[in-house]
Amino acid sequence: MRLAIVGTGYVGLVSGTCFSDLGHDVVCVDIDEAKVKALNDGKIPIYEPGLEEMVHTNVSQGRLSFTTDIRKAVRDSLAIFIAVGTPPKEDGTADLQYVLSVARDIGRHINGYKIIIDKSTVPVGTAEKVKAAVQAEIDARGESHEFDVVSNPEFLKEGAALEDFMNPDRVVVGCDNVRVRVLMEELYSSFAKNGRPVICMATKSAEMTKYAANAMLATKISFINEIAAICEKVGADVGDVREGIGSDRRIGYRFIFPGIGYGGSCFPKDVKAIIQTARENGIESRLLAAVEEVNERQKRTLIEKMRLYYRDQFADKTFALWGLSFKPETDDVREAPALQIIDALLEAGATIRAFDPKAVEQTKLYLGERDGIEYIDHYYDAVEGCDALIVATEWPFFRNADMDRLKGKMKAPVVFDGRNIYSRALMQRVGFDYFSIGRDPVMAYSAGRKQPGE
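Counting from 117, one number per residue, gives the positions in the sequence shown under the working numbering.
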């Protein structure tokens, strides 16, 4: 099947590359000429494990190409995926201007039956708006062409997107007639043969499924973080509590890792969008509003612990920051907790020595030129002469750090672990003042605590 993917961001590039790897002929379209030129030169604009190699393989074998020519892409393809951004507006609703712009472009160039597939995360009812936008352009041309609009939401985890695409838990297809359902089942037939269900439903149900899935996952994260806060007050260990509840098959262990909150391009945006969708339909979503509130509070948790420990005296302190991306195995820093930590510490007059194996350039783009922060090439070098280490992202190699080596390089043996990657018993045994999430008794922050240098 010949496919066009409009948008070469995270979803579009991963989806187009994976479809080509399954044997389809794919052209990825973008209006950004510089990005298209870079892709044609073999330069991948995002970091995703395995993506660069898969792009190069499929380009070399002639199944994957990149262009700015949407007219040709539309006319040459049977299925056209819309995979452009839907950034949140100030009120939390998804901005559909880019989606509808693509829909109008398709309507201007359509030359026969097409399947138009919403791959972007969009509010319920977007398929109807896309259909109307395409039809309006066809009518303006005085022509008649058949087409179907399908909702086919993505469920890709950054850092594991290729695996998620190739071995999905399910493929959700929202469509309203048998013809397009058969064609979509054909497109995804290789998944069905491997026992991966293709679940067909009404278009609005598919649109809602995407938001509901991300809202559920965000709820699990905020739930365990709320429990972590309670654990600290009552003297319980959230790690033990997680083990106790996760062993219940009805609950499971996934997405109940206490930490400093969720970030990225999906959960924050989608939770806001579904809250606003509910409000527009006369429902105040108190549960999801609380999920969002807990997450924002959680991003400040380490800073609050540091304020207590240092008695708000940060001006002469230097901190090593391990991790900038919102999660490991990605360079995405959108809504990353590390950015809030950086802002708070720089505003308080501290100095930061930051390390991340992939996300430094993206962080520089987001923060711009800022005094007080230095980006270090090696994580052990980042702690040299520092008053404390802050762990903001759980990159796997951080877990097995040489604690004696760390201690020898640091000005003071203090660690604020926002991802609970270290054992409290181990850290205390090797002589660190160690603070984590949901495992620190309140007494650790008492006003009478002896401070470094006292």
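Positions of the beta carbon are idealized from the N, C-alpha and C atoms, including for glycine.
Exposed unless 16 or more other CB atoms sit within 10 angstroms - verdict on residue i
{"i": "F430", "result": "buried"}
{"i": "E408", "result": "buried"}
{"i": "N397", "result": "exposed"}
{"i": "S562", "result": "Its pLDDT being 42, under 50, S562 is placed unreliably by the model, and nothing is read from it."}
{"i": "E262", "result": "exposed"}
{"i": "C502", "result": "buried"}
{"i": "N268", "result": "buried"}
{"i": "G375", "result": "buried"}
{"i": "F513", "result": "exposed"}
{"i": "R257", "result": "exposed"}
{"i": "L481", "result": "exposed"}
{"i": "G275", "result": "buried"}
{"i": "F548", "result": "buried"}
{"i": "N411", "result": "buried"}
{"i": "M85", "result": "Given that the chain is displayed from residue 117 to residue 570, the structure contains no residue 85 and the question cannot be resolved."}
{"i": "L542", "result": "exposed"}
{"i": "N156", "result": "exposed"}
{"i": "N330", "result": "buried"}
{"i": "K433", "result": "buried"}
{"i": "E203", "result": "Per the sequence shown, the amino acid found at residue 203 is Pro instead of Glu. Per the 10 Å Cβ criterion, exposed."}
{"i": "P239", "result": "buried"}
{"i": "V350", "result": "exposed"}
{"i": "I340", "result": "buried"}
{"i": "D556", "result": "buried"}
{"i": "K153", "result": "exposed"}
{"i": "D264", "result": "buried"}
{"i": "S552", "result": "buried"}
{"i": "I346", "result": "exposed"}
{"i": "E490", "result": "exposed"}
{"i": "K309", "result": "exposed"}
Residues near residue i in its chain [Cβ-Cβ closer than 6 angstroms; skip 5 each side]
{"i": "Y327", "result": "D386 and I390"}
{"i": "S381", "result": "R450"}
{"i": "I186", "result": "V145 and D221"}
{"i": "E500", "result": "K525"}
{"i": "K273", "result": "D280"}
{"i": "R515", "result": "I537"}
{"i": "Q478", "result": "D447 and V449"}
{"i": "A498", "result": "A436, R469, F471 and I492"}
{"i": "E164", "result": "A277"}
Supposed close pair residue i, residue j - CB separation, criterion 8 angstroms
{"i": "I537", "j": "I506", "result": "Wrong, their Cβ atoms sit about 12 angstroms apart, outside the cutoff."}
{"i": "S136", "j": "L167", "result": "Incorrect: roughly 12 angstroms between the Cβ atoms, too far for contact."}
{"i": "A249", "j": "A210", "result": "Incorrect: roughly 15 angstroms between the Cβ atoms, too far for contact."}
{"i": "G576", "j": "I468", "result": "Absent from the model: residue 576. The displayed extent of the chain is 117 to 570, so no value can be given."}
{"i": "G534", "j": "L418", "result": "5 angstroms"}
{"i": "R286", "j": "I315", "result": "5 angstroms"}
{"i": "F197", "j": "I233", "result": "5 angstroms"}
{"i": "V289", "j": "M300", "result": "5 angstroms"}
{"i": "Y571", "j": "I337", "result": "Given a span of 117 to 570 for the chain in the structure shown, any question on residue 571 remains unanswerable."}
{"i": "D292", "j": "A318", "result": "7 angstroms"}
{"i": "M422", "j": "F307", "result": "Going by Cβ atoms, the distance from M422 to F307 rounds to 47 angstroms, so no, they are not a contact pair."}
{"i": "E253", "j": "G223", "result": "3 angstroms"}
{"i": "A352", "j": "F383", "result": "Actually they do not touch by this definition, with Cβ atoms about 26 angstroms apart."}
Strand pairing of residue i, partner residues [DSSP]
{"i": "I468", "result": "F435 and I489"}
{"i": "T183", "result": "V145"}
{"i": "G290", "result": "S267 and M317"}
{"i": "V122", "result": "V145 and I198"}
{"i": "P204", "result": "A210"}
{"i": "A504", "result": "F435"}
{"i": "V175", "result": "Beta-bridge pairing links V175 to no other residue."}
{"i": "Y550", "result": "V531"}
{"i": "D234", "result": "I198 and S267"}
Other residues of its chain near residue i: CB distance less than 8 angstroms, five sequence neighbours each side excluded
{"i": "E149", "result": "T184"}
{"i": "D64", "result": "Because residue 64 is not part of the residues shown, which for the chain are 117 to 570, the question remains open."}
{"i": "G241", "result": "K320 and E323"}
{"i": "G139", "result": "R179"}
{"i": "G208", "result": "K388, A389, I391 and Q392"}
{"i": "V190", "result": "A120, I196, D221, I222, H225, I226, N227 and K230"}
Residues near residue i in its chain [Cβ-Cβ closer than 7 angstroms; skip 5 each side]
{"i": "S217", "result": "none"}
{"i": "E270", "result": "V127, S131 and K235"}
{"i": "S441", "result": "D447, D448, V449, A452, D472, K474, A475 and T509"}
{"i": "K415", "result": "I376, G377, P453 and Q456"}
{"i": "Q544", "result": "Y550"}
{"i": "K527", "result": "G501, C502 and D503"}
{"i": "I160", "result": "L167, E168 and V171"}
Proximity test, residue i beta-carbon vs the ligand MG heavy atom, cut-off 8 angstroms
{"i": "I222", "result": "Absence of the ligand MG from the depicted structure is noted, as is the absence of any ligand whatsoever, leaving it without description."}
* Asked: Which residue spans inside the stretch 309 to 396 form an unbroken beta strand (DSSP E) run of at least 3?
  -> Under the rule that a run must span 3 or more residues, the beta strand (DSSP E) segments found entirely inside the stretch 309 to 396 read 314 to 317.
* **4-residue-minimum alpha helix (DSSP H) runs that sit fully inside the stretch 398 to 424, ordered along the chain** => 402 to 414
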